[in-house]
Amino acid sequence: MATRSRLIHSWANTTAAAVPWVIIAAGVVIALVAPQADATRAGEIVLMACLATFFSVLLWQLFSSGRCTGRRRTPLMLLGIGLCLWATGSTVLQAAAATTTISFPTPGETFFLLSYLGFAAFLLTDAPRRHAATSTIWLETAVVCGATVCAASFVVLTPVALAFERTGMPLLLALLYPMVDLALATLVISQMMLGQRARSLRTLQLVGGFLLLAAADSSFLLTLSDGFYFSSLLLSSLWGASLVLIVTAARTSPGELQVSQLPRDQSRTLVLAAAVATGVLLLEHDGVVGGVIVVAALVTLVSAGLRMSMALREARDATSELLLSRTDELTGLPNRRALLSDLDEALKTVQPMSLLLLDLDGFKDVNDSVGHSNGDALLINVADRLLHVFGSRMQVARLGGDEFAILVRKDDSLELMETANQISTLVSEPHLIDGLSMTVHASIGIAVRRGNDTKGTDMLRRSDVAMYEAKAARSGALLYDPSQDSFSRDRLQRTDELRRAIRGGQLEVWYQPEFDATTLSVNSVEALVRWRHPTDGVLQPISFLPEARRHGMMNELSVEVMRMVVADARRWVDEGFAFRVSMNCAPPELLGGVVLPRLYETLAETPLPPDILVLEVTEDSFMTDPARAREQLIELRHHHVQAAIDDYGSGFSSLAYLRDLPVQELKLDRSFVSTLLTDHRNRVIVDATRQMGHALGLRIVAEGVEDAATAATLAEMHVDVLQGFHLSRPMPAADVASWVRDWSLELLRRPVLHP
1 MATRSRLIHS WANTTAAAVP WVIIAAGVVI ALVAPQADAT RAGEIVLMAC
51 LATFFSVLLW QLFSSGRCTG RRRTPLMLLG IGLCLWATGS TVLQAAAATT
101 TISFPTPGET FFLLSYLGFA AFLLTDAPRR HAATSTIWLE TAVVCGATVC
151 AASFVVLTPV ALAFERTGMP LLLALLYPMV DLALATLVIS QMMLGQRARS
201 LRTLQLVGGF LLLAAADSSF LLTLSDGFYF SSLLLSSLWG ASLVLIVTAA
251 RTSPGELQVS QLPRDQSRTL VLAAAVATGV LLLEHDGVVG GVIVVAALVT
301 LVSAGLRMSM ALREARDATS ELLLSRTDEL TGLPNRRALL SDLDEALKTV
351 QPMSLLLLDL DGFKDVNDSV GHSNGDALLI NVADRLLHVF GSRMQVARLG
401 GDEFAILVRK DDSLELMETA NQISTLVSEP HLIDGLSMTV HASIGIAVRR
451 GNDTKGTDML RRSDVAMYEA KAARSGALLY DPSQDSFSRD RLQRTDELRR
501 AIRGGQLEVW YQPEFDATTL SVNSVEALVR WRHPTDGVLQ PISFLPEARR
551 HGMMNELSVE VMRMVVADAR RWVDEGFAFR VSMNCAPPEL LGGVVLPRLY
601 ETLAETPLPP DILVLEVTED SFMTDPARAR EQLIELRHHH VQAAIDDYGS
651 GFSSLAYLRD LPVQELKLDR SFVSTLLTDH RNRVIVDATR QMGHALGLRI
701 VAEGVEDAAT AATLAEMHVD VLQGFHLSRP MPAADVASWV RDWSLELLRR
751 PVLHP
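Given below as structure tokens:
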């Protein structure tokens, strides 16, 4: 039904639009058939009836459109008033012509002139301002409209002025009609360029309608003989067609508005407009028409000149912006965009070339220790050195961060390695920054142009691969080695996969039980992250955590792991288990201010009993920022989370940490536990640490228990908790509850179960 209604509505609109054209065609037929020598009364009546029907249909179309589209009622009403005035003038003229010869001007001219006020009011209200036009748009509009007025006035008005034999008011009135028509057409064009009209068929119909009026009015005045009207079938048809076009456009809904600037080859348009104005000025002009043409030509030339000067300024600004977009703001060197652009251009030639990618080792530590301002000063110093030594024969660029690139016009491997060594020596010389002497080293990757290279990004990628290999091998500089590229490609692909794995639920938390050294009951489990890769199976942390750290994904990964750990702990509490759940937290996450607040939010949403959760931190945390680490551990206690020092004894241990920091557990490093039975000194250290920890009220956990003898010895030494593969391997979270139940039942069946 809806489709049928749309079809009927479309057919009705098409039919209504065709009616005025049918009436014009009928009038033409009647005029051709009626006697030409002495028109009969019947013929005049028929022509008057056609005229009345024509205007009635147009007015009815406007009325019906205004009723359907209320917000456009005002402009349609104004156009209807203008059309009524035009119809009245035509009726007066036609009635007078039936009885006598009519001289120009006639009383009907008043209605014609007033009708133009309605047309102008329609155009102004039909195009409300939607966009703020810039000075550029105004000038371009003035150029186009000025040139249009020049050309149209010269073609339309000049012949009228020359052919019209009368002067004074009759001449002024004769010129006024086509001048007003051209002004209204120019107004529509101006509205379009100023963003008040859409560039559409509707706008074209309006311009065409007023241009047809101008052509009809000027042609009609050329037919005046001795000041008397002389109409024709062609002129009547032109007047009717112009009014139909205007009404049809008015009934059409306006399109989407947009500012319509000249095309990008606007200089051609401006030059053409200026040429038209200049050509018109070179001709001789007299009278009113001449004044109009001269003024319009001068406006066009001045506007074109101003627009061309603005175009030159825009070109200078664009050049400046392009230069800035290709320049590194900090060092003034070409940036990545400029380097890649130059590489692409150079690859179009056959000359040899290579790309050296330089990365400063440990630059992050410089920023962290002396501040970013001094780090920036160091980058500027490195850039100045490279530019001073190599800038005259090579292109030096900064890619961002602490990465620089040098484009070399050679491909000999020995020469390239020699250049790389020179760069390394130059960069490693001490830099005096703010009174401090700083020394940095560089890792350099070298990529030589291949015969099939077409993009600069290919060379940049290879040099990046070689640079990472040089950094990993601590070799200073390395040439790109295709045999190593597969690993690098895998690493880049693995990084992208890991990013999607964190957000896609591929991470899992496995748990390794920790046992009471005396009873062997499970008193805690340690969370260990795993990655269930779609094709490679379950991956250990060592295979993906370094990449996560290198590419800034550790915060997101840690938050996701902590969320899962809290959820698992809540589930086990609800199932009646009372063991603690511990998880690791590296120094950057402990001190960074992102992970722990998210942990507290998770605990607020999923509350746990006090001291169920244990956060394991390493001694590195206290060396990096002792005050900050203490604040974070105190905050943990406020949220009823315990803290454990993991791998105790593996780093720079200090008794002051144990005295000052709010920790509840010490986990002895596995290096002491694994050699407990064979190294007497290690046994003494373990025993002394146990006594000291107990004196401070700390739990002592021995990790890395791999055999029964070690477990028994630790139990005899009164270590509190044992952890290791001898007792249990890590297991998925889903297996923990059933495993702990089975283990507890086994303990009940064997009350004396030695480790």
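Under UniProt numbering, think of the first position of the sequence shown as 1, with each following residue one higher.
Glycine is no exception: its CB is placed at the ideal position from the N, C-alpha and C atoms.
All of these numbers come straight from a predicted model, not from anything done at the bench.
DSSP places Y511 in the strand class (E or B) of the three-state scheme. Secondary structure note for G693: its alpha helix (DSSP H) is the uninterrupted segment 680-695. By the neighbour-count criterion, in which a residue is buried when 16 or more other Cβ atoms sit within 10 angstroms of its Cβ, E415 is exposed. Here D359 is near A442, since their CB atoms are less than 9 Å apart.
When C-beta atoms of the region 735-751 are compared with those of the region 548-566, fewer than three pairs fall below 8 Å, so the two segments do not count as touching.
A644 and Q632 have their alpha carbons spaced roughly 13 Å apart. A629 places its beta carbon 9 Å or farther from that of L596.
Annotation: F404 is outside any alpha helix (DSSP H); the continuous beta strand (DSSP E) that includes it extends over 403-408.
Assigned with DSSP and collapsed to three states, S309 falls in helix. Between G456 and L333, the CB-CB gap reaches or exceeds 9 Å. Going by C-alpha positions, L399 is about 37 Å away from G537.
Nearest C-alpha to H694 among P546, M717, L243: M717. Annotated three-state conformation of L599 is helix, per DSSP. According to the DSSP assignment, N374 belongs to the alpha helix (DSSP H) that extends over 372-390. Shown here, L661 sits in coil according to DSSP, grouped into three states, outside any helix or strand. Between the alpha carbons of A517 and L498 lies a distance of about 38 Å.
In terms of Cβ geometry, F363 and D402 form a close pair [threshold 9 Å]. According to the DSSP secondary-structure assignment, W531 is paired through a beta bridge with L507, L539. In the same chain as M394, and ignoring 5 residues on each side of it, the C-beta atoms closer than 7 Å to its own belong to I406, L407, V408, in chain order. Around the beta carbon of F579, 16 or more other beta carbons sit within 10 angstroms, so the residue counts as buried. Counting the other CB atoms within 10 Å of its CB gives R729 a total below 16, which places it among the exposed residues.
Distance between M731 and P626, taken at the CA atoms: about 35 Å. Contact check between the region 567-574 and the region 537-553: fewer than three CB pairs, one atom from each, fall below 8 Å, which does not count as touching. With contacts defined as CB atoms closer than 9 Å, S674 and T713 fail to qualify as a contacting pair. Ranked by Cα distance from Y177, the options A216, G209, L301 are led by A216. Per DSSP, reduced to three states, the secondary structure at M564 is helical.
Nearest neighbour of L668 by Cα position, chosen from D647, Y657, V684, L661, turns out to be D647.
Per DSSP, the unbroken alpha helix (DSSP H) holding N421 starts and ends at 413-428.
Checking the DSSP bridge columns, you'll see D361 partnered with H441.
In this structure A397 touches N335 by the C-beta definition: roughly 7 Å separates them, less than 8 Å. Judged by DSSP secondary structure, G118 falls within the alpha helix (DSSP H) whose first and last residues are 109-126.
In this chain, D458 is not harboured by any beta strand (DSSP E); it is covered by the alpha helix (DSSP H) spanning 456-473.
Just measuring C-alpha positions, the residue of R326, T689, R491, V740 sitting nearest Y511 is V740. DSSP links K667 through a beta bridge to V701. According to the DSSP assignment, S582 belongs to the beta strand (DSSP E) that extends over 580-584.
Under the three-state reduction of DSSP, R398 is assigned to strand.
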